[in-house]
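Contents: one structure, followed by commentary.
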Amino acid sequence: MPTRRPCRGWRSAPIVLHRLAVAVVGAAFLIPIYWAIAASLREPGVQSPRTMEWVPISLAWDNYRQVFALVDFRLFIINSLFVAALAVPLTIVVASMAGFVVSQIPARWRRGLIALSILCLMVPLTAIWLPRFILFKEAGLINTRLALVIPALMGTSPLYVLLFAWAFSRVPRDVYDAARLDGAGPCRVWAEVALPLARPVVVAVAVLSFVHYWNSFVEPLLLIRTTDQMTASLGLRVLYSLDRTNWPLLMTGAVVVMTPVVVLFVVAQHAFQQDARGRGIIGQ
């Protein structure tokens with residue numbers, strides 16, 4: 002008796018649903034970005050529309066020149082890039098080393114450290130702002146960009162340590178044991194074996210930590226005193242204090258600050274796809 006083959010339409014239904022879900026999620030993220038860009042190109046002084054304006058009547062590209070003329074965004078962006086350029090590599094190194102240690106210790110100690118990390122994640126950030134301010138003041142780090150980098154020496158967040166610990170624990174023990182039999186010490190096993198195998202987590206932590214330091218507002222507000230040390234997030238505050246009703250210029254500043262994060266996300270997405278193709282997870 003001949004068997005009935007499943008209909009091709011039913012087999013393609015999961016693919017269609019997956020692509021539809023990706024399109025919906027993508028639209029939920031892309032529409033606010035598009036709206037911000039469109040609002041940044043509206044002419045200043047023109048009455049704001051009552052409904053969403055998808056395309057401005059006249060494109061005011063001069064808004065971007067005016068923003069850099071009103072506020073020294075170039076200096077603010079350089080300061081933010083300086084902080085991120087130091088903090089992101091430090092975060093990856095410290096968090097990955099801590100995660101590697103967590104993945105290699107006995108299970109009893111590992112469970113205890115994971116529970117402690119989760120408890121640290123539950124501590125509200127407002128509880129550490131005052132102690133951190135007092136410590137940095139006593140250390141003479143107030144009004145320095147290095148004060149914004151110091152948290153990277155502790156891995157920035159326990160979440161990053163947990164991500165690395167999860168990635169390293171998925172690697173078979175035989176891989177680490179083979180490296181140790183070849184004479185590799187703990188640091189060499191971490192650098193030459195563990196990190197290359199956890200490349201997607203490295204990229205994810207790099208993106209998350211960059212967004213954290215780039216978008217950080219409260220800590221620069223507490224620790225920075227002069228304009229020459231301000232970051233991009235504080236630059237938006239300065240622009241807002243100059244004219245709180247000029248929404249096209251405010252949105253222009255927001256787009257300027259948002260652009261590096263969007264570019265980094267696109268680059269990271271490409272890196273994830275390349276790694277997935279290399280592992281055979283997705284097709285060429």
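In terms of the working numbering, the sequence shown is residues 2 to 285. Cβ atoms here follow ideal geometry from the backbone N, Cα and C, with glycine treated the same way. What you are looking at is a predicted structure, and each value in this text was computed from that prediction instead of being measured.
Under the three-state reduction of DSSP output, D63 falls in the helix class. With contact defined as three or more Cβ pairs closer than 8 Å, the region 117 to 129 and the region 56 to 75 are not in contact. Put simply, the backbone Cα of Y241 is about 31 Å away from that of V206. For Q105, the enclosing alpha helix (DSSP H) covers residues F74 to Q105.
Take the alpha-carbon of F211 and the one of I79: they are about 14 Å apart. Closest option to S97, judged by alpha-carbon separation, among L243, V190, A24 and A61: V190.
Straight-line spacing of the CA atoms in V23 and G184 works out to 47 Å. Under the DSSP assignment, N216 falls in the alpha helix (DSSP H) whose first and last residues are R200 to N216. Judged by beta-carbon spacing, L122 lies within the 8 Å limit of L160, meaning their Cβ atoms are closer than that value.
Assigned with DSSP and collapsed to three states, S170 falls in helix. In the three-state reduction of the DSSP assignment, A272 falls in the helix class, which pools H, G and I.
Our two residues, G254 and W55, have alpha carbons roughly 19 Å apart in a direct line. Counting other Cβ atoms within 10 Å of its Cβ, P15 stays below 16 and is therefore classed as exposed. Look at S158 here: in three-state DSSP terms it is coil, with no helix or strand label. The beta carbon of W130 is closer than 8 Å to those of V219, E220 and L223 in its chain, skipping five residues each way along the sequence.
Listed in chain order, the non-local C-beta contacts of E193 below 8 Å within the same chain comprise A180 and A185, local neighbours out to five positions each way being set aside. Looking from the CA of R238, the closest CA among G113, V72, A61 and F101 belongs to V72.
With a cutoff of 8 Å on beta-carbon distance, L265 and V203 are scored as not near each other. In the assembly as shown, W215 is a buried residue. Its beta-carbon has 16 or more other beta-carbons within 10 Å. With 16 or more other CB atoms across the displayed protein chains lying within 10 angstroms of its CB, R43 is buried. A direct Cα-Cα distance of roughly 27 Å separates S104 from A85. Residue burial annotation: S81 is buried, with at least 16 other C-beta atoms found within 10 angstroms of its C-beta. Note that the region 31 to 48 touches the region 242 to 249; at least 3 beta-carbon pairs, one per stretch, sit closer than 8 Å.
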